[in-house]
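If you're matching them up, the sequences are chains R and C in order. Note that the first sequence covers residues 1305 to 1494 in our numbering. Note that the second sequence covers residues 1305 to 1494 in our numbering. Note that the Cβ used here is the ideal one computed from N, Cα and C, for glycine as well. All values reported here derive from a predicted model rather than from experimental measurement. Notes to accompany the following structure.
2 protein chains.
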Amino acid sequence: MRRVADALGVTAMALYKHVANREELIDGMLDRLVVSIDVPADGLAWQQALRARIRSARAVMQAHPWAQAAIETRATASPTVLAYMDSLMAVMFDGGLSADLVHHAMHALSTRMWGITRDVLPTPEAPADPALRAHAMSEFAAAYPAIVRMATTAPHAGAGCDDDAEFAFALDLLVDGIARLHEQGWSSVS
Amino acid sequence: MRRVADALGVTAMALYKHVANREELIDGMLDRLVVSIDVPADGLAWQQALRARIRSARAVMQAHPWAQAAIETRATASPTVLAYMDSLMAVMFDGGLSADLVHHAMHALSTRMWGITRDVLPTPEAPADPALRAHAMSEFAAAYPAIVRMATTAPHAGAGCDDDAEFAFALDLLVDGIARLHEQGWSSVS
DNA sequence: TTGACACGTCTACAGCGTATACCTATGGTG
DNA sequence: CACCATAGGTATACGCTGTAGACGTGTCAA
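Below you can see the structure in the form of structure tokens.
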């Protein structure tokens, strides 16, 4: 609160004339982001529309690094957030999905729909000293063979991950899975 | 820190003789949870083993409500955390998956593998007063038709969600999708 | 006997969100 | 025109947080 106030050239308490508390301020900030999530064009298949909207959500969230942490701390949904979720469900209903499947799909997309991902390998930095470094590396290889195998033999080995491609991959996996269940006439009650 | 110390009957500063700081304490607490995640029996198909381990992870995390928030704030992975992720990758490598696919799968499972989900509808409580309540409800229905449609027509309508079933549903969607790609000889480079 | 060390305590500080009280320019109303 | 409510700012203070620094002690090895 004090930092925001400083940036505005006022005292922290001045903010409280405009918002009830810190939570409400963050809610407001997030609402502005959520409103800016693209609405996909009409006429798209539901899978395309869903993907487009969620990818846009991720782009928005990524453009504001504070947003992920903020989203994770929200306890209740604001009207804007509800409207966003409503729109995702509407897309699926328009595609003919059952309420049952829509419900499960929303759970499956619960983190994805906010563009949330965790770094897969937030590994500690290797030491700078070459000797120590070599030692650390060989210990690492011995302790975590699968990690090393993945890191050294995957196509992108060495380079950083393409986070957007990874996000899209996982999103497609879910959307395609949901579509498949829909085609099969899936129901949660057997 | 003060609360933990109180619970132990010592001063807050006494804790600093055992951990460097709050972060390290939380890391240690999480490590104990991660170590307690079940290792699936030998001989299972990779899909079964993966599912079992991740479901166990979720059970462990759910048994300790502080754990989800704690996991979300970790910046780097401890050796214990790395070992857990290594074991997930090892399961997939043992199943014959390519390093490429394992890599993408880990990204796709990035939040799932910690049992992380977000409440789908953390909606504000309806007012207690019957008249106000009816009014609020009808406004809600007008503003969020898809939400209401889902909530009223899905099989569990009214009752709370079965979070474990929802979690399993989404996990299966991902694992099945990964398995399908594996069977198709998928590769990220086209 | 001595000194190192493990393991506590006490005090203090800067940062946080925010309750309460107070000030002041502005603009609509009698 | 005088008046006063109101919007929107300030000053001060409180309880909470993590943690730095100095200061005991009881135990054990040399």
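Sequence-distant residues of its chain with Cβ nearer than 7 Å to residue i (five each side left out)
i, result
"ASP1398(R)", "TRP1350"
"TRP1490(R)", "LEU1405"
"THR1315(R)", "ALA1309"
"ALA1483(C)", "GLN1351"
"ALA1318(R)", "ALA1309"
"GLN1366(C)", "GLY1419"
"HIS1322(R)", "none"
"VAL1479(R)", "GLN1351, LEU1354 and ARG1355"
"ALA1371(R)", "LEU1334, LEU1337 and MET1365"
"ARG1306(C)", "ALA1316"
"ARG1362(R)", "GLY1419 and PHE1471"
8 Å Cβ cutoff met for residue i and residue j
i, j, result
"THR1457(C)", "HIS1411(R)", "no"
"HIS1439(R)", "GLU1470(C)", "no"
"PRO1459(C)", "SER1442(R)", "no"
"GLY1481(C)", "LEU1477(R)", "yes"
"THR1380(R)", "PRO1431(C)", "no"
"ILE1451(R)", "MET1389(C)", "yes"
"ALA1356(C)", "PRO1369(C)", "no"
"GLU1376(R)", "GLU1376(C)", "yes"
"SER1382(R)", "VAL1364(R)", "no"
"TYR1448(R)", "ALA1387(C)", "yes"
"ALA1403(C)", "ARG1453(R)", "yes"
Other residues of its chain near residue i: CB distance less than 6 Å, five sequence neighbours each side excluded
i, result
"LEU1401(C)", "HIS1486"
"ASP1342(C)", "SER1360"
"ASP1467(C)", "none"
Opening and closing residue of the alpha helix (DSSP H) in which residue i lies
i, result
"GLU1376(C)", "1370-1377"
"GLY1419(C)", "Counting along the chain, GLY1419(C) falls outside any alpha helix (DSSP H), and DSSP gives it neither H nor E."
"THR1456(C)", "1449-1457"
"TRP1350(C)", "1350-1367"
"MET1305(R)", "Taken as a continuous stretch (DSSP letters only), MET1305(R) belongs to no alpha helix (DSSP H), as it is neither H nor E."
"VAL1385(C)", "1383-1398"
"GLU1487(R)", "1467-1487"
"GLU1429(R)", "Taken as a continuous stretch (DSSP letters only), GLU1429(R) belongs to no alpha helix (DSSP H), as it is neither H nor E."
"LEU1337(C)", "1326-1339"
"HIS1322(C)", "Per DSSP, HIS1322(C) belongs to no alpha helix (DSSP H) and is neither H nor E."
"LEU1405(R)", "1403-1412"
Residues of its chain near residue i, where Cβ-Cβ distance is below 8 Å and the 5 sequence neighbours each way are ignored
i, result
"GLN1385(C)", "In the sequence under discussion, the amino acid at residue 1385(C) is Val, which differs from the Gln named in the question. Same-chain partners within the cutoff: LEU1334, ASP1335, VAL1338 and ARG1378."
"ILE1358(R)", "LEU1392, LEU1413, ARG1416, MET1417, GLY1419 and LEU1475"
"ALA1374(C)", "ILE1330, MET1333 and LEU1334"
"CYS1465(C)", "VAL1424"
"GLY1347(R)", "none"
Any non-hydrogen atom of the ligand GTP within 7 Å of residue i CB
i, result
"ALA1469(R)", "Among the ligands in the structure shown, none appear at all, so the ligand GTP cannot be discussed."
**OP:** Taking only beta carbons into account, state which residues of the segment 1353-1375 of chain C come closer than 7 Å to chain R, listed in chain order.
**Re:** Residues passing the 7 Å Cβ filter: none.
Subject >> Members of the segment 1428-1448 of chain C that neighbour chain R once the beta carbon cut-off is set at 8 Å >> reply: PRO1428, ALA1447 and TYR1448
Subject >> Chain-ordered residues of the segment 1466-1481 of chain C with a beta carbon less than 7 Å from chain R >> reply: GLU1470, PHE1473, ALA1474, LEU1477, LEU1478, ASP1480 and GLY1481
Subject >> Residues in the segment 1312-1340 of chain R having any Cβ partner in chain C nearer than 8 Å >> reply: none
Original post:
When you check each C-beta in the segment 1398-1415 of chain C against every C-beta of chain R, which residues fall closer than 7 Å?
Top reply: ALA1403, ASP1404, VAL1406, HIS1407, HIS1408, MET1410, HIS1411, ALA1412, SER1414 and THR1415
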